[in-house]
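Working notes, structure below.
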DNA sequence: TGATATAGTTACCTAGGTAACTAATTTGAG
DNA sequence: CTCAAATTAGTTACCTAGGTAACTATATCA
């Protein structure tokens with residue numbers, strides 16, 4: 087019983103800590119973690135609609151709208167109206183974003199590595215596996 | 087490399103999902119997860135100062151001030167000025183909070199159980215262990 | 001005693017959630 | 001086949017949660 091509180095609390099705390107580190111790594115580039123997550127998905131998956139972005143990142147539509155509007159203001163992303171469905175907007179990385187992406191990625195990978203440096207590779211794998219299983223069970 | 091993004095993303099997502107469930111469980115009582123976490127610590131550890139609460143919950147002082155002020159407004163908690171140090175305020179559960187606590191706890195435990203029901207006990211233990219180790223490594 | 005540290009607050013920031021809405025599309029009953 | 005009803009994509013407004021910076025008041029220390 088006590089243990090479940092602790093388990094959930096540890097997950098929550100870890101999440102905040104990782105977020106904080108990510109934001110530190112991205113600070114020199116004036117982007118925040120929410121924006122980075124969108125840029126990352128777009129870079130790896132190609133152009134997506136906003137709802138596809140929501141699905142990939144498991145985020146509701148309203149925060150996604152906000153993040154995208156901010157990325158547009160920063161000139162990192164463009165909204166491209168779909169021709170088949172007038173409701174849909176595809177999100178596309180700009181040249182500027184593609185040019186700067188490697189720097190962002192370098193900073194993020196460096197931070198990730200430093201966070202995981204002291205945590206054995208085998209434990210990382212095990213943790214990844216367990217979290218994934220848990221996460222799937224929750225969705226049932 | 088990709089894997090680290092996934093690992094961190096999964097933790098983050100899990101954290102939000104658990105939070106959401108906790109808030110659902112607490113909704114009938116009009117308290118939110120942040121308030122519950124304070125009530126829980128006070129019940130198990132006894133009266134604490136605000137900074138002790140911050141330490142236990144790994145939360146910065148300003149959000150703690152807000153959560154406590156809300157609990158005061160709801161009549162669940164009292165601030166008791168320390169006699170030795172005029173800066174310090176001890177936080178104490180009210181009679182009302184102590185009376186209602188068992189209901190809250192029942193709802194939370196029920197939700198926790200249902201979230202973990204499909205996730206084998208041994209995996210839970212393993213996950214707890216790994217998260218704890220990781221979390222300690224990060225603090226180094 | 002003057003400099004420094006600590007407890008708590010205030011103001012303002014990002015992140016994510018729900019509810020209510022608009023506009024466009026899909027469905028299904030007649 | 002058609003048109004009203006239901007669904008879907010995205011936005012707006014407003015909520016909780018947590019963070020930093022700057023501040024006040026008190027304590028500690030050199």
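Residue numbers (our numbering), protein chains in the order written: chain C, 87 to 226; chain A, 87 to 226.
Quick reminder that beta carbons are idealized off the backbone N, C-alpha and C, glycines included.
Being a predicted model, the structure only gives us computed values, none of them experimental.
Between residue 202/C and residue 129/A, what straight-line distance do the alpha-carbon atoms span, to the nearest angstrom? Along the first chain, read from residue 1 onward, the residue named residue 202/C stands at position 116. Along the second chain, read from residue 1 onward, the residue named residue 129/A stands at position 43. Between residue 202/C and residue 129/A, the C-alpha separation is close to 35 Å.
From which residue to which residue does the alpha helix (DSSP H) around residue 121/A run? Mapped onto the second chain, residue 121/A falls at position 35. From DSSP, the alpha helix (DSSP H) with residue 121/A extends over 119-131.
Any chance you could list the beta strand (DSSP E) runs of at least 3 consecutive residues sitting entirely within the segment 155-194 of chain C, in chain order? 163-167, 175-179
Residue range of the alpha helix (DSSP H) that includes residue 217/C: Here residue 217/C corresponds to residue number 131 of the first chain, with the count starting at 1. Note, residue 217/C: alpha helix (DSSP H), 207-225.
Cutoff 7 Å: residue 217/A Cβ touching any chain C Cβ: For the purposes of this step, residue 217/A is identified with residue 131 of the second chain, where counting begins at 1. So, interface residue.
Going along chain A in order, which residues have a C-beta closer than 8 Å to the C-beta of residue 100/C? In the first chain, the residue the question calls residue 100/C occupies position 14. Under a criterion of Cβ atoms nearer than 8 Å, the residues of chain A adjacent to residue 100/C are, in order, 97, 101, 217, 220, 221, 224.
Which bits of chain C does residue 157/A rub up against, with CB to CB less than 7 Å? Taking the second chain and counting its residues from 1, one reaches residue 157/A at position 71. By Cβ distance, chain C contributes nothing, its closest Cβ being about 18 Å from residue 157/A, past 7 Å.
For residue 119/C and residue 143/C, which I take to be in contact (beta-carbon distance under 8 Å), what is that distance rounded to the nearest angstrom? Within the first chain, residue 119/C is the residue found at index 33, counting from 1. Within the first chain, residue 143/C is the residue found at index 57, counting from 1. In fact, because the Cβ distance is near 11 Å, the residues do not count as touching under 8 Å.
Take the Cβ of residue 147/A as the centre, count every other Cβ of all protein chains shown within 10 Å, and call the residue buried at 16 or more, exposed below. The residue given as residue 147/A occupies position 61 in the second chain. Result: exposed.
Can you pull the chain A residues whose beta carbon is under 8 Å from the beta carbon of residue 214/C, in chain order? Here residue 214/C corresponds to residue number 128 of the first chain, with the count starting at 1. Correct list: 89, 92, 93, 96.
Length of the line joining the Cα atoms of residue 187/C and residue 205/C: If you number the first chain from 1, residue 187/C lands on position 101. If you number the first chain from 1, residue 205/C lands on position 119. Roughly 27 Å separates the two Cα atoms.
I'd like to know whether the C-beta atoms of residue 150/C and residue 136/C end up nearer to each other than 7 Å. One-based indexing of the first chain puts residue 150/C at position 64. One-based indexing of the first chain puts residue 136/C at position 50. In contact: residue 150/C and residue 136/C (Cβ atoms closer than 7 Å).
Tell me, please, whether the CB atom of residue 144/C is closer than 7 Å to any CB atom in chain A? Residue numbering aside, residue 144/C sits at position 58 when the first chain is read from its first letter. Yes - at least one Cβ of chain A is within 7 Å of the one on residue 144/C.
Could you tell me if residue 155/A is buried or exposed, where buried requires 16 or more neighbouring beta carbons within 10 angstroms of its beta carbon? Start at 1 with the first residue of the second chain, and residue 155/A comes out as number 69. Classification of residue 155/A: exposed, given that the 10 Å Cβ count is below 16.
So what does residue 134/C bridge to, in DSSP terms? Counted from its first residue, the first chain places residue 134/C at position 48. Residue 134/C pairs with 177/C.
Counting Cβ pairs, one atom from each stretch, are 3 or more of them under 8 Å apart for the segment 175-185 of chain A and the segment 92-107 of chain A? no
Run through chain A and tell me which residues come within less than 7 Å of residue 209/C, C-beta to C-beta. Taking the first chain and counting its residues from 1, the one referred to as residue 209/C is at position 123. Contact annotation for residue 209/C against chain A: 216, 219 [CB-CB distance below 7 Å, chain order].
Checking 7 Å against the spacing of the C-beta atoms, do residue 44/A and residue 216/C come in under that value? In the structure displayed, chain A extends from 87 to 226; residue 44/A sits before or after that span and is not available.
Is any beta-carbon of chain C found at less than 7 Å from that of residue 133/A? Mapped onto the second chain, residue 133/A falls at position 47. Not closer than 7 Å to any Cβ of chain C, the Cβ of residue 133/A fails to qualify, so no.
Restricting to Cα atoms, I'd like to know which of 223/A, 184/A, 225/A, 214/A is closest to residue 97/C. Counted from its first residue, the first chain places residue 97/C at position 11. Cα-wise, what sits closest to residue 97/C is 214/A.
With a threshold of 7 Å between beta-carbons, can residue 198/C be considered close to chain A, or not? Numbered from its first residue, the first chain carries residue 198/C at position 112. Taking Cβ atoms only, chain A reaches closer than 7 Å to residue 198/C, which makes this a yes.
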